[in-house]
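Read through the structure below, which is laid out as structure tokens, and then see the notes.
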Amino acid sequence: KKKIFYSAVVSGEKVFVNTLSESQQGFPIKFKTGKRYKNQGIWAGMVNSMMEPTIYYNKALTELMFVIAANSKGGAMIEEDAVDDIQEFEEGYARTDAVVVLRSGALQNGKVQSKKQAFQPTGYEQIIGFSDATISEVVGIDRTFLGSSENRMEPASLQRQRIRQSLRFLRIMLIA
């Protein structure tokens, strides 16, 4: 049975272009799955070195999201006799332009207190930033090649240079 090779431009389920490939000798680029380490009995490639920074990134991001979700979002603690109508107080307290009327002496006697502001431990942002930067650094591929450049106005010559550098590195993962 003869294999026939095609080239296609596909996005999701939609096939935009489907043509017969120029070379019927096989695919022009053949990817390796990685290098076999016989002592450990495993295959290892680029993804293996990116796993640990990704784990740290996900852990730090998950922990930061938990801290934000678990902390109080503001509000007030009041004694029952501090206001005449508690429901009216609840509706007016959240609005910044509202006037909230309290009973005389409620503020002086500490019958109305704001909840403590949310506490966010320091260092999570640095861990997230460090592990995010490390993901691409451990494999030596430029972030712009991975599509995560912050600079959208780079000259085309700089983009071509970065792509060439990345492809030189990726050459060890390809069988040409």
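Using our numbering, the letters of the sequence shown map in sequence onto residues 187 to 362. Cβ atoms here follow ideal geometry from the backbone N, Cα and C, with glycine treated the same way.
Backbone secondary structure at residue i - three-state DSSP
i, result
"S290", "coil"
"R222", "strand"
"A280", "coil"
"I313", "helix"
"V233", "helix"
"V253", "helix"
"Q345", "helix"
"F213", "coil"
"P239", "helix"
"D271", "coil"
"N244", "helix"
"T320", "helix"
"Q306", "coil"
Exposure label - residue i; buried when at least 16 CB within 10 Å
i, result
"Y192", "exposed"
"P239", "buried"
"I254", "exposed"
"S343", "exposed"
"V285", "exposed"
"I228", "exposed"
"I321", "buried"
"A405", "Limits of the chain in this structure are 187 at one end and 362 at the other, which puts residue 405 out of reach."
"S197", "exposed"
"V325", "buried"
"A230", "exposed"
"S209", "exposed"
"A246", "buried"
Residue(s) in a DSSP beta bridge with residue i
i, result
"A262", "S300"
"Y192", "L206"
"S197", "K200"
"I228", "Y223"
Stretch-stretch touch, CB-based, cutoff 8 Å, three pairs: the segment 261-279 with the segment 292-300: yes
Stretch pair the segment 282-296 + the segment 198-215: three plus CB contacts closer than 8 Å: no
Stretch-stretch touch, CB-based, cutoff 8 Å, three pairs: the segment 221-228 with the segment 306-315: no
Inter-stretch contact at 8 Å, needing at least 3 Cβ pairs: the segment 270-277 / the segment 245-252: Short answer: they don't touch.
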